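> Start counting the sequence shown at 1; every next residue gets the next number (UniProt numbering). Glycine included, each C-beta is placed from N, C-alpha and C at the ideal position. Bear in mind the structure is a predicted one, so any value in this text is a computation, not a measurement.
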Amino acid sequence: MLHKFGVLLAAATVVVAGWATTAGAGAPATVPAPAQTSPPACPPVLPISGMVTASTATSLTVSYSIMLSPPCGYDPPITVSLFASRADAEQWRAPVAAATSGPQRYGTVTVGGLTPDTEYWFRLSDVEGRQDRYIVGGPARTAAQPACTATAAVTSAWDGGFVASVTVRNTGAEPIDGWRVRWQWPGDERIQTAWNAVPDSTDTGPAVRDAGYNATLPPGGSATFGLLVATSAAPPTIALSCGR
1 MLHKFGVLLA AATVVVAGWA TTAGAGAPAT VPAPAQTSPP ACPPVLPISG MVTASTATSL
61 TVSYSIMLSP PCGYDPPITV SLFASRADAE QWRAPVAAAT SGPQRYGTVT VGGLTPDTEY
121 WFRLSDVEGR QDRYIVGGPA RTAAQPACTA TAAVTSAWDG GFVASVTVRN TGAEPIDGWR
181 VRWQWPGDER IQTAWNAVPD STDTGPAVRD AGYNATLPPG GSATFGLLVA TSAAPPTIAL
241 SCGR
(Lines of atoms letter the chains of each structure in order from A and count residues from 1; the text may use other names and numbers.)
(Lines give C-alpha, C1' and ligand atoms only; values in the text may rest on other atoms or scores of the structure.)
Protein backbone atom coordinates (compact mmCIF):
# COMPACT_ATOMS: atom_id res chain seq x y z
CA MET A 1 0.00 0.00 0.00
CA LEU A 2 2.81 2.38 0.84
CA HIS A 3 4.53 1.42 -2.38
CA LYS A 4 1.47 2.37 -4.47
CA PHE A 5 1.12 5.73 -2.67
CA GLY A 6 4.75 6.57 -3.38
CA VAL A 7 4.30 5.78 -7.07
CA LEU A 8 1.22 7.94 -7.33
CA LEU A 9 2.95 10.82 -5.51
CA ALA A 10 5.94 10.64 -7.82
CA ALA A 11 3.69 10.65 -10.88
CA ALA A 12 1.77 13.64 -9.61
CA THR A 13 5.02 15.49 -8.99
CA VAL A 14 6.14 14.82 -12.55
CA VAL A 15 2.84 16.05 -13.99
CA VAL A 16 2.91 19.26 -11.93
CA ALA A 17 6.53 19.93 -12.83
CA GLY A 18 5.77 19.39 -16.50
CA TRP A 19 2.82 21.74 -16.38
CA ALA A 20 4.94 24.45 -14.76
CA THR A 21 7.61 24.05 -17.41
CA THR A 22 5.08 24.23 -20.24
CA ALA A 23 3.32 27.25 -18.75
CA GLY A 24 6.60 29.10 -18.30
CA ALA A 25 7.70 28.40 -21.85
CA GLY A 26 4.40 29.56 -23.34
CA ALA A 27 4.06 32.84 -21.35
CA PRO A 28 4.02 35.91 -23.63
CA ALA A 29 7.05 38.21 -23.54
CA THR A 30 6.60 41.51 -21.67
CA VAL A 31 6.45 44.50 -24.10
CA PRO A 32 7.58 47.83 -22.57
CA ALA A 33 4.98 50.61 -22.69
CA PRO A 34 5.79 53.44 -25.10
CA ALA A 35 7.37 56.51 -23.50
CA GLN A 36 4.91 59.29 -22.76
CA THR A 37 5.73 62.70 -24.31
CA SER A 38 5.04 65.46 -21.82
CA PRO A 39 4.17 68.99 -22.95
CA PRO A 40 6.88 71.59 -22.28
CA ALA A 41 6.84 73.13 -18.82
CA CYS A 42 6.31 76.85 -19.48
CA PRO A 43 6.98 79.52 -16.84
CA PRO A 44 3.85 81.11 -15.31
CA VAL A 45 4.28 84.43 -17.15
CA LEU A 46 2.69 86.02 -20.19
CA PRO A 47 4.76 85.14 -23.29
CA ILE A 48 4.46 88.69 -24.65
CA SER A 49 3.28 92.08 -23.39
CA GLY A 50 2.03 95.10 -25.30
CA MET A 51 0.55 98.53 -24.71
CA VAL A 52 -0.24 101.69 -26.68
CA THR A 53 2.43 104.29 -25.93
CA ALA A 54 1.72 107.05 -28.48
CA SER A 55 -1.01 108.30 -30.78
CA THR A 56 -1.61 110.89 -33.45
CA ALA A 57 -4.72 111.74 -35.41
CA THR A 58 -3.93 108.96 -37.90
CA SER A 59 -1.67 106.48 -36.07
CA LEU A 60 -1.19 104.40 -32.92
CA THR A 61 2.15 103.17 -31.60
CA VAL A 62 2.27 99.89 -29.66
CA SER A 63 5.28 98.93 -27.52
CA TYR A 64 5.85 95.18 -27.13
CA SER A 65 8.20 92.88 -25.18
CA ILE A 66 8.65 89.19 -26.01
CA MET A 67 9.23 87.30 -22.75
CA LEU A 68 9.34 83.69 -23.99
CA SER A 69 10.46 81.89 -27.16
CA PRO A 70 8.66 78.94 -28.80
CA PRO A 71 7.20 76.55 -27.82
CA CYS A 72 6.09 78.68 -24.87
CA GLY A 73 6.22 82.05 -26.63
CA TYR A 74 6.96 83.81 -29.89
CA ASP A 75 9.71 84.92 -32.25
CA PRO A 76 9.93 88.34 -33.93
CA PRO A 77 8.95 90.09 -36.07
CA ILE A 78 5.68 90.86 -34.31
CA THR A 79 2.56 91.98 -36.18
CA VAL A 80 0.12 94.38 -34.52
CA SER A 81 -3.43 94.03 -35.87
CA LEU A 82 -6.08 96.66 -35.11
CA PHE A 83 -9.81 96.05 -34.83
CA ALA A 84 -12.83 98.36 -34.72
CA SER A 85 -14.43 96.64 -31.71
CA ARG A 86 -13.49 94.42 -28.80
CA ALA A 87 -15.74 91.67 -30.13
CA ASP A 88 -13.87 91.68 -33.45
CA ALA A 89 -10.54 91.67 -31.62
CA GLU A 90 -11.50 88.72 -29.41
CA GLN A 91 -12.47 86.70 -32.49
CA TRP A 92 -9.57 87.95 -34.67
CA ARG A 93 -12.29 89.10 -37.09
CA ALA A 94 -12.04 91.82 -39.76
CA PRO A 95 -8.81 93.66 -38.81
CA VAL A 96 -8.87 97.23 -40.11
CA ALA A 97 -5.10 97.86 -40.15
CA ALA A 98 -1.82 96.15 -39.30
CA ALA A 99 1.92 96.77 -39.19
CA THR A 100 4.95 94.58 -38.46
CA SER A 101 8.00 95.17 -36.25
CA GLY A 102 11.66 94.62 -36.98
CA PRO A 103 13.70 91.65 -35.68
CA GLN A 104 13.95 93.00 -32.12
CA ARG A 105 12.40 91.17 -29.17
CA TYR A 106 11.61 94.54 -27.57
CA GLY A 107 10.40 97.46 -29.65
CA THR A 108 7.55 99.52 -31.06
CA VAL A 109 5.19 99.20 -34.00
CA THR A 110 3.37 102.21 -35.48
CA VAL A 111 0.15 101.49 -37.37
CA GLY A 112 -0.85 104.35 -39.68
CA GLY A 113 -3.71 105.26 -41.97
CA LEU A 114 -6.25 105.45 -39.13
CA THR A 115 -9.32 107.63 -38.62
CA PRO A 116 -8.97 110.62 -36.26
CA ASP A 117 -10.73 110.51 -32.87
CA THR A 118 -11.56 106.80 -33.19
CA GLU A 119 -11.20 103.85 -30.79
CA TYR A 120 -9.24 100.74 -31.74
CA TRP A 121 -8.32 97.41 -30.10
CA PHE A 122 -5.13 95.48 -30.88
CA ARG A 123 -3.88 91.87 -30.97
CA LEU A 124 -0.38 90.46 -31.45
CA SER A 125 0.94 87.64 -33.65
CA ASP A 126 4.43 86.43 -34.58
CA VAL A 127 6.49 85.59 -37.66
CA GLU A 128 4.98 82.10 -37.91
CA GLY A 129 1.43 83.43 -37.69
CA ARG A 130 0.93 82.27 -34.09
CA GLN A 131 -1.76 84.49 -32.56
CA ASP A 132 -1.35 85.50 -28.94
CA ARG A 133 -4.43 84.36 -27.03
CA TYR A 134 -3.95 86.43 -23.88
CA ILE A 135 -3.70 90.12 -24.78
CA VAL A 136 -6.66 92.08 -26.16
CA GLY A 137 -5.36 95.64 -25.94
CA GLY A 138 -7.52 98.72 -25.92
CA PRO A 139 -9.51 100.68 -26.40
CA ALA A 140 -6.94 103.20 -27.64
CA ARG A 141 -8.17 106.38 -29.30
CA THR A 142 -6.47 108.31 -32.04
CA ALA A 143 -6.12 112.05 -31.47
CA ALA A 144 -8.70 114.47 -32.76
CA GLN A 145 -7.94 116.18 -36.04
CA PRO A 146 -5.91 119.27 -35.14
CA ALA A 147 -7.93 122.45 -35.37
CA CYS A 148 -4.92 124.55 -36.30
CA THR A 149 -1.72 124.41 -38.32
CA ALA A 150 1.63 126.11 -37.79
CA THR A 151 4.25 126.92 -40.40
CA ALA A 152 7.70 128.41 -39.86
CA ALA A 153 10.09 130.37 -42.05
CA VAL A 154 13.67 131.38 -41.19
CA THR A 155 13.72 135.10 -42.00
CA SER A 156 17.38 135.73 -41.17
CA ALA A 157 20.38 133.69 -40.08
CA TRP A 158 24.01 134.25 -39.06
CA ASP A 159 26.83 132.34 -37.42
CA GLY A 160 25.42 131.46 -34.03
CA GLY A 161 21.70 131.98 -34.53
CA PHE A 162 18.63 132.80 -36.60
CA VAL A 163 15.18 134.40 -36.47
CA ALA A 164 12.06 132.40 -37.37
CA SER A 165 8.57 133.69 -38.11
CA VAL A 166 5.73 131.26 -37.30
CA THR A 167 2.13 131.56 -38.51
CA VAL A 168 -0.67 129.76 -36.64
CA ARG A 169 -3.92 129.31 -38.58
CA ASN A 170 -7.35 128.06 -37.50
CA THR A 171 -8.30 125.34 -40.00
CA GLY A 172 -11.50 124.28 -38.22
CA ALA A 173 -15.10 125.39 -38.45
CA GLU A 174 -15.22 126.79 -34.90
CA PRO A 175 -13.25 129.60 -33.20
CA ILE A 176 -10.12 128.56 -31.30
CA ASP A 177 -9.72 129.87 -27.77
CA GLY A 178 -6.05 129.25 -27.08
CA TRP A 179 -3.33 127.47 -29.06
CA ARG A 180 0.03 125.76 -28.47
CA VAL A 181 2.79 124.97 -30.97
CA ARG A 182 5.33 122.17 -30.45
CA TRP A 183 8.32 120.85 -32.40
CA GLN A 184 11.68 119.07 -32.13
CA TRP A 185 14.99 120.72 -32.85
CA PRO A 186 17.32 118.76 -35.17
CA GLY A 187 20.48 120.09 -33.49
CA ASP A 188 21.67 122.31 -30.62
CA GLU A 189 19.05 125.06 -31.05
CA ARG A 190 17.95 127.06 -27.98
CA ILE A 191 15.21 129.71 -27.79
CA GLN A 192 16.66 133.04 -26.62
CA THR A 193 13.43 135.01 -26.75
CA ALA A 194 9.97 134.96 -28.31
CA TRP A 195 7.46 137.67 -29.21
CA ASN A 196 3.70 137.39 -29.63
CA ALA A 197 3.99 134.01 -27.88
CA VAL A 198 5.12 132.61 -24.52
CA PRO A 199 7.78 129.85 -24.30
CA ASP A 200 6.18 126.73 -22.80
CA SER A 201 8.75 123.98 -23.29
CA THR A 202 8.59 120.63 -21.47
CA ASP A 203 10.78 117.56 -21.10
CA THR A 204 9.39 116.26 -24.39
CA GLY A 205 10.61 119.23 -26.41
CA PRO A 206 10.29 122.95 -27.14
CA ALA A 207 6.88 124.61 -27.31
CA VAL A 208 5.22 128.02 -27.15
CA ARG A 209 1.65 129.06 -26.36
CA ASP A 210 -0.41 132.08 -27.27
CA ALA A 211 0.30 135.39 -25.56
CA GLY A 212 -3.28 135.83 -24.34
CA TYR A 213 -4.23 138.74 -26.56
CA ASN A 214 -3.87 136.55 -29.67
CA ALA A 215 -5.38 133.37 -28.19
CA THR A 216 -8.73 133.54 -30.02
CA LEU A 217 -8.69 132.76 -33.73
CA PRO A 218 -11.88 132.71 -35.84
CA PRO A 219 -12.25 130.04 -38.54
CA GLY A 220 -9.62 130.83 -41.17
CA GLY A 221 -7.97 133.38 -38.86
CA SER A 222 -4.26 133.42 -38.03
CA ALA A 223 -1.67 134.78 -35.63
CA THR A 224 2.07 135.24 -36.12
CA PHE A 225 4.87 135.02 -33.57
CA GLY A 226 8.64 135.19 -33.76
CA LEU A 227 11.59 133.31 -32.26
CA LEU A 228 15.20 134.34 -31.71
CA VAL A 229 17.22 131.14 -31.59
CA ALA A 230 20.87 130.44 -30.76
CA THR A 231 22.51 127.58 -32.67
CA SER A 232 25.67 126.50 -34.43
CA ALA A 233 23.74 126.04 -37.70
CA ALA A 234 20.23 127.12 -38.74
CA PRO A 235 18.01 124.16 -39.72
CA PRO A 236 16.72 124.10 -43.31
CA THR A 237 13.17 123.43 -42.10
CA ILE A 238 11.24 123.29 -38.82
CA ALA A 239 8.39 120.76 -38.56
CA LEU A 240 5.69 122.10 -36.22
CA SER A 241 2.50 120.70 -34.72
CA CYS A 242 -0.36 122.85 -33.46
CA GLY A 243 -3.04 122.10 -30.89
CA ARG A 244 -4.99 123.63 -28.06
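In three-state terms, what does DSSP make of ALA23?
The residue labelled residue 23 in the question sits at position 23 within the sequence shown. Here the model assigns ALA23 a pLDDT of 47, short of 50, so the residue's position is not dependable, and the following value carries that caveat. DSSP places ALA23 in helix when its eight states are reduced to three.
> State the start and end residues of the unbroken beta strand (DSSP E) segment that holds GLU119.
In the sequence shown, residue 119 corresponds to position 119, counting from 1. Element bounds for GLU119: 119–125.
> Return the bridge partner residues of ALA140 from the DSSP annotation.
Numbered from its first residue, the sequence shown carries residue 140 at position 140. Looking at the DSSP assignment, ALA140 forms a beta bridge with TYR120.
> Could you check which residue in VAL136, SER38 and GLY102 has the C-alpha nearest to that of ASP88?
As a first step, residue 88 must be located in the sequence shown, where it is residue number 88. Cα-wise, what sits closest to ASP88 is VAL136.
> How about ARG141 and GLN131: do their beta carbons lie closer than 8 Å?
Looking up residue 141 in the sequence shown gives position 141. Looking up residue 131 in the sequence shown gives position 131. No, Cβ-Cβ distance for ARG141 and GLN131 is not below 8 Å.
> Write down the C-beta distance between SER65 and SER49 rounded to the nearest angstrom, noting that I regard them as a contact closer than 8 Å.
For the purposes of this step, residue 65 is taken as residue 65 along the sequence shown, with counting starting at 1. For the purposes of this step, residue 49 is taken as residue 49 along the sequence shown, with counting starting at 1. Rounded, the Cβ-Cβ distance is 5 Å, consistent with contact.
> GLU88 by DSSP, collapsed to three states: which one?
To locate residue 88, count along the sequence shown from 1; it is residue 88. Note that residue 88 is Asp in the sequence shown here, rather than Glu. Correct three-state label for ASP88: helix.
> Identify which residue in SER232, ALA143, ALA215 and SER101 has its Cα closest to the Cα of ALA125.
Here residue 125 refers to the residue found at position 125 of the sequence shown. It should be pointed out that residue 125 corresponds to Ser in this sequence rather than to Ala. Nearest of SER232, ALA143, ALA215 and SER101 to SER125, Cα basis: SER101.
> Ignoring anything shorter than 3 residues, give me the beta strand (DSSP E) runs that lie fully in the segment 36–112, in order along the chain.
48–55, 60–66, 79–83, 97–100 and 106–111, all fully within the segment 36–112.
> How big is the Cα-Cα spacing for VAL208 and TRP195?
As a position in the sequence shown, residue 208 is number 208, starting the count at 1. As a position in the sequence shown, residue 195 is number 195, starting the count at 1. The straight-line gap from Cα to Cα measures roughly 10 Å.
> Please name the residue, chosen from VAL127, THR53, SER38 and ALA84, that lies closest to PRO70 on a Cα-to-Cα basis.
On the sequence shown, residue 70 is found 70 positions in, with the first residue counted as 1. Checked all of VAL127, THR53, SER38 and ALA84; the closest Cα to PRO70 is VAL127.
> If we ignore side chains and look at the alpha-carbon of each, how far apart do ASP177 and PRO103 end up?
As a position in the sequence shown, residue 177 is number 177, starting the count at 1. As a position in the sequence shown, residue 103 is number 103, starting the count at 1. Cα to Cα, ASP177 sits roughly 46 Å from PRO103.
> Would you kindly report the start and end of the unbroken beta strand (DSSP E) that includes SER222?
Taking the sequence shown and counting its residues from 1, the one referred to as residue 222 is at position 222. Per DSSP, SER222 belongs to the beta strand (DSSP E) from 222–230.
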